[in-house]
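**Q** One gets our numbering by counting positions in the sequence shown from 1 and adding 1222 to each. Ideal Cβ positions, reconstructed from N, Cα and C, are used throughout, including at glycine. The model shown is predicted, which means the values in this text are computed figures rather than measured ones.
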Amino acid sequence: MLSQLVHSLNTHFHLADLIAAKNHSDDFNYTRAGYIARRVRVLTFSFALLGILWIPVDLATLSGDYAFSITIARVVLAGALLVIGLSSFKLRSLNQNRVLLGLLLLALGGFYFYAQWVLGEAGRQGFAMGYSFLPFVYIAALTIFPLSLREGFVAGVLVLVWLVLAHLMRGGLMTTPALLDFWLISLLMMIALWAQASYLNLLLRLYRQATTDPLTGLFNRAMLMSNMELAISEAQPDEHFAILMFDLDYFKRINDTYGHMTGDEVLREFAKLVKAHLRPTDVVGRYGGEEFVALLRDVDEQQAQKMAERLRQACELHPIKTPGGETLNFTTSIGVTLSGPGNSIQSLLEKVDDLLYDAKHNGRNRVTFVSMAA
Ligand SMILES: Nc1nc2c(ncn2[C@@H]2O[C@H](COP(=O)(O)OP(=O)(O)OP(=O)(O)O)[C@@H](O)[C@H]2O)c(=O)[nH]1
1223 MLSQLVHSLN
1233 THFHLADLIA
1243 AKNHSDDFNY
1253 TRAGYIARRV
1263 RVLTFSFALL
1273 GILWIPVDLA
1283 TLSGDYAFSI
1293 TIARVVLAGA
1303 LLVIGLSSFK
1313 LRSLNQNRVL
1323 LGLLLLALGG
1333 FYFYAQWVLG
1343 EAGRQGFAMG
1353 YSFLPFVYIA
1363 ALTIFPLSLR
1373 EGFVAGVLVL
1383 VWLVLAHLMR
1393 GGLMTTPALL
1403 DFWLISLLMM
1413 IALWAQASYL
1423 NLLLRLYRQA
1433 TTDPLTGLFN
1443 RAMLMSNMEL
1453 AISEAQPDEH
1463 FAILMFDLDY
1473 FKRINDTYGH
1483 MTGDEVLREF
1493 AKLVKAHLRP
1503 TDVVGRYGGE
1513 EFVALLRDVD
1523 EQQAQKMAER
1533 LRQACELHPI
1543 KTPGGETLNF
1553 TTSIGVTLSG
1563 PGNSIQSLLE
1573 KVDDLLYDAK
1583 HNGRNRVTFV
1593 SMAA
């Protein structure tokens, strides 16, 4: 029963991806970090501005002692929020932006707790009562973030802690007002978790559609190019990498003989084979119709050729079954080159394209290698 539920949720949501970010790609994390940074900015600047604009209301409605202390707290909070908001322009990684969100909640929660401490019993009457609603406002504000369930839970707890501390200060956790607050904040937290995970799910879907080839699940051409550029820019000065260009042999004949559906199946199987043979640090994607490109990081001449040869053989030895029950063998030709310092991705692709042409010209189902390394 439980496994059925998990399976049905998985088909709609990829549950593991919503629970935690550990399987998300670096590129997606970077994109999401940008989303979080922009929302931290919007919240910090608007809370800072609204906090300052509320000062005249406090001065008009609170008694002198309270009004002075809370005005000071509002100015300190606005300063802290501005620092957090401005930092978001500089911080790029997901972890940095998670910390920023944590600091935002720390600042907001600290202000709420201080107001409760200063106001005491007065905080339960008139205009001052608004201060006791702040944790609920914070939880509602969190719904604008695309967070995993784990991140959303941690963020919710960071708010809850301040509410617990405020009730401990006021007279305990088992009082009626405390229990009502905990009940209400738990409901709001659940709604916020749902909203955050739905937002994350939408973002993941759109991201996958924009970056992956729907047939093979590999990177599409645009994403392949940007990931190869990234890998090259991150490479150490003495690091060599290989570019492999694959083209399935006589693929038109496969389509013509067995139909496009079987052709698609061959493409899917080929993509699986390539993926299974590469390391997590390598980059692979669909370059065009039946052409694929891979970038292997930190390899020498022998390793690059060996890997290409292994892939060529794996294709040869991996027939698929057609819907008519026949066994269909397919092969690939591969152009391989090893990078030298200063080689652009464009010049490397032109080189492997020429090498692939040579492999086709010399009979197909073969690897052609030339090093561009100095
Ligand atoms: N089934 C299927 N076929 C595709 C897809 N994309 C491209 N093709 C087909 O791939 C074939 C490529 O044919 P050609 O470029 O003539 O190459 P080839 O028949 O593989 O011959 P060589 O490359 O010279 O060995 C064309 O018939 C395209 O229609 C796809 O997504 N699915």
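Which parts of the stretch 1291–1341 are runs of the alpha helix (DSSP H), unbroken and 4 residues or longer, counting only runs that do not cross its ends?
**A** Fully enclosed alpha helix (DSSP H) runs of 4 or longer: 1316–1341.
**Q** Mapping DSSP to helix, strand and coil, what is I1247?
**A** In the sequence as displayed, the identity of residue 1247 is Ser instead of Ile. In this structure, S1247 counts as coil in the three-state DSSP scheme.
**Q** How many angstroms separate the CA atom of V1506 from the CA atom of E1513?
**A** Using only the alpha carbons, I get a separation of about 11 Å.
**Q** Buried or exposed, going by whether 16 or more other CB atoms sit within 10 Å of the CB of V1305?
**A** Exposed, because fewer than 16 other Cβ atoms sit within 10 Å of the Cβ of V1305.
**Q** To the nearest angstrom, report how far apart L1424 and G1273 are at their CA atoms.
**A** Approximately 33 Å between the Cα atoms of the pair.
**Q** Is T1559 near K1543, with beta carbons less than 8 Å apart?
**A** No, the Cβ-Cβ distance between T1559 and K1543 is not below 8 Å.
**Q** Can you tell me the Cα-Cα spacing of R1519 and R1534, whole angstroms?
**A** Going from the Cα of R1519 to the Cα of R1534 covers about 19 Å.
**Q** Does E1373 pass the burial test, meaning 16 or more other C-beta atoms within 10 Å, or should it be called exposed?
**A** Burial call: buried.
**Q** What is the DSSP secondary structure of G1286, counted as helix, strand or coil?
**A** Three-state result, G1286: helix.
**Q** Does DSSP classify G1510 as helix, strand or coil?
**A** Three-state DSSP puts G1510 in a strand.
**Q** Hey, is K1582 close to ligand 1, as in C-beta under 7 Å from one of its heavy atoms?
**A** Yes, Cβ of K1582 sits closer than 7 Å to a heavy atom of ligand 1.
**Q** Please name the residue, chosen from A1581, G1562 and Q1418, that lies closest to D1460 on a Cα-to-Cα basis.
**A** Comparing Cα positions, the closest option is G1562.
**Q** Which of helix, strand or coil does DSSP assign to L1500?
**A** Looking at L1500 - three-state DSSP - the assignment turns out to be coil, as it is neither helix nor strand.
**Q** For G1307, does the count of other Cβ atoms within 10 angstroms reach 16, so buried, or fall short, so exposed?
**A** The residue is buried, with at least 16 neighbouring Cβ atoms inside 10 Å.
**Q** Mind pulling the alpha helix (DSSP H) runs of 4 or more residues that sit fully within the stretch 1337–1366?
**A** List check, alpha helix (DSSP H) in window: 1356–1363.
**Q** Grab the span of the alpha helix (DSSP H) containing F1404 for me, first residue to last.
**A** Run containing F1404: T1398 to T1433, per the alpha helix (DSSP H) assignment.
**Q** Once DSSP output is grouped into helix, strand and coil, what is the label at S1268?
**A** Helix, per DSSP.
**Q** With a threshold of 7 Å on Cβ separation, who are the neighbours of T1283 within its own chain once the five nearest residues in sequence on each side are excluded?
**A** Same-chain partners within the cutoff: G1348 and F1349.
**Q** Looking only at its chain, what residues have a beta carbon closer than 6 Å to the beta carbon of I1356, apart from the 5 residues adjacent to it on each side?
**A** At residue 1356 the sequence reads Leu, which differs from the Ile that was named. Excluding positions up to five away in sequence, the list reads Y1334.
**Q** Under three-state DSSP, which class holds F1591?
**A** Looking at F1591 - three-state DSSP - the assignment turns out to be strand.
**Q** Do you know whose CA, among Q1527, M1529 and Q1318, lies nearest G1256's CA?
**A** Cα-wise, what sits closest to G1256 is Q1318.
**Q** Kindly examine ligand 1 and report whether one of its heavy atoms sits closer than 7 Å to the Cβ of N1477.
**A** N1477: yes, Cβ under 7 Å from ligand 1.
**Q** Excluding five sequence neighbours on each side, which residues of the same chain lie with their C-beta closer than 8 Å to the C-beta of D1522?
**A** Cβ neighbours of D1522 beyond the five flanking positions: H1462 and L1560.
**Q** Look at the alpha carbon of G1301 and the alpha carbon of T1397, and state the distance between them as a whole number of angstroms.
**A** G1301 and T1397: Cα-Cα distance of roughly 35 Å.
**Q** Enumerate in chain order the residues of its own chain whose CB-to-CB distance from A1270 is below 6 Å, with the five nearest sequence positions on each side excluded.
**A** So the qualifying residues of the chain are A1300, L1303 and L1304.
**Q** Where L1382 and F1404 are concerned, what is the direct C-alpha to C-alpha distance, given to the nearest angstrom?
**A** About 8 Å.
**Q** Should A1310 be labelled buried (16 or more other beta-carbon atoms within 10 Å of its own) or exposed?
**A** Checking the sequence, you will find Ser at residue 1310 rather than Ala. Label assigned to S1310: buried.
**Q** Could you check the C-alpha separation between A1603 and I1567 for me, to the nearest Å?
**A** Shown here, the chain extends from 1223 to 1596; a query on residue 1603 therefore has no answer.
**Q** Does the distance from the C-beta atom of A1329 to that of L1265 stay below 8 Å?
**A** No.
**Q** Looking at V1515 and I1465, is the spacing between their C-beta atoms short of 8 Å?
**A** Result yes, Cβ atoms of I1465 and V1515 sit closer than 8 Å.
**Q** Give a yes or no on whether the C-beta atoms belonging to L1371 and A1419 are separated by under 8 Å.
**A** For L1371 and A1419, yes; Cβs fall inside 8 Å.
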